[in-house]
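Peer 1: With my numbering applied, the sequence shown corresponds to residues 5 to 101, in that order.
Idealized CB from N, CA, C, for every residue including glycine.
First, the structure itself, so that you have it in front of you.
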Amino acid sequence: INGKAIPIEMSQIAMASLGNRLYQSVRGFDNRIYTRSSTDGVNWNGWNNNGGENTPTAPTLAALNARLYQSHQGLDNRIYTRSSSDGVNWTGWNNNG
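See below:
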């Protein structure tokens with residue numbers, strides 16, 4: 005603006021499909037990770053933090069071999085990943101180095 009670089013932040017919502025459900029994950033205003041799901045893409049359950057950690061960036065989601073995987077950059081700049089077979093019960097966060 006007026007020749008000055010102004011940093012902006014873009015909100016990203018990660019999405020993945022597992023079984024008959026769609027899952028979304030987002031970084032909240034409090035920098036914590038929230039996840040929700042839907043069976044039809046129209047009606048969604050409420051956002052749930054269920055152990056989501058703090059992150060300076062948007063989380064990601066991917067489905068592979070009947071598991072949902074969620075990753076994020078930690079405040080220590082390391083990458084952390086956890087997984088779930090149902091999108092509710094998650095493993096602990098693993099530091100991938």
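Among Val92, Ser87, Gly91, which residue has its Cα nearest to the Cα of Asn99?
Peer 2: If we check each option's Cα against that of Asn99, Ser87 comes out closest.
Peer 1: On the DSSP letters alone, give me the boundaries of the beta strand (DSSP E) that Leu26 sits inside.
Peer 2: For Leu26, the enclosing beta strand (DSSP E) stretches over residues 25 to 31.
Peer 1: By DSSP's criteria, Asn35 is part of a beta bridge. Which residues make up the other side?
Peer 2: DSSP lists no partner for Asn35.
Peer 1: Measure the Cβ-Cβ separation of Arg40 and Asn49 and say whether it is below 7 Å.
Peer 2: yes
Peer 1: With 16 as the cutoff for other CB atoms within 10 Å, does Arg82 come out buried or exposed?
Peer 2: Arg82 is exposed by the Cβ-count criterion.
Peer 1: Using only the alpha-carbon positions, how far apart do Tyr84 and Gly78 sit?
Peer 2: 7 Å
Peer 1: Just grab the DSSP bridge partners of Trp94 for me.
Peer 2: Under DSSP, Trp94 forms a beta bridge with Ser88.
Peer 1: Grouping DSSP H, G and I as helix and E and B as strand, with all else coil, what is Asn69?
Peer 2: coil
Peer 1: Are Gln74 and Ser29 close, meaning C-beta to C-beta below 7 Å?
Peer 2: yes
Peer 1: Taking its Cβ as the centre, do 16 or more other Cβ atoms sit within 10 Å of Leu65, making it buried, or is it exposed?
Peer 2: buried
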